[in-house]
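Colleague: Residue numbers (this note's numbering): 361 to 507.
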């Protein structure tokens, strides 16, 4: 049974609940691969060191922009499963305020059931992607405070 997770942005909550409904690890992987295929194309010129997620075995890139006070993330990875994890976070966090992303903790991964299915290196990669997205959100918070 799916349960809403308190204090999560609405779209991220929907994503968590979608993964809760997939009771088998294979189904969760299939969902990640499907999300990876749906991820918007990432410009080659944005695949630079500054946008790279450190600590990932795969090559992962993330950028963020602010539109009407809400975050819009883009990204890519050379590994399909990691790209699916990235797409999960992008879909769940796009349209959220920078402040809300900064306040999040990555505990919601436990609620998806993915944590038990991921290898330690992929789980670590997921956390590194999330932290990079939080850092980008924090920079927007800091720039707003400075202006």
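The beta carbon of each residue, even a glycine, is placed where N, CA and C say it ideally should be.
All of these numbers come straight from a predicted model, not from anything done at the bench.
#1: Give the DSSP-derived three-state secondary structure of residue 417 in the structure shown.
#2: What residue range does the beta strand (DSSP E) around residue 435 cover?
#3: Taking DSSP as the reference, what is the three-state secondary structure of residue 491?
#4: Smallest Cα separation from residue 457: which of 468, 488 and 427?
#5: Note down the Cα distance separating residue 361 from residue 470, rounded to an integer number of angstroms.
#6: Shortest alpha-carbon distance to residue 459 belongs to which of 411, 393, 500 and 419?
#7: Would you kindly work out how many angstroms separate the C-alpha atoms of residue 424 and residue 502, rounded to a whole number?
#8: For residue 409 and residue 419, what's the separation of their Cα atoms in angstroms?
Modeller: This is what the structure gives:
#1: The answer is coil: DSSP assigns residue 417 none of H, G, I, E or B.
#2: Start and end: 430-437.
#3: helix
#4: 427
#5: Confidence at residue 361 is low in this model, with a pLDDT of 45, below 50, so the placement of that residue should be treated as unreliable; the coordinate-derived value is given next. For residue 361 and residue 470, the distance between alpha carbons rounds to 15 Å.
#6: 500
#7: Residue 424 and residue 502: Cα-Cα distance of roughly 14 Å.
#8: 10 Å
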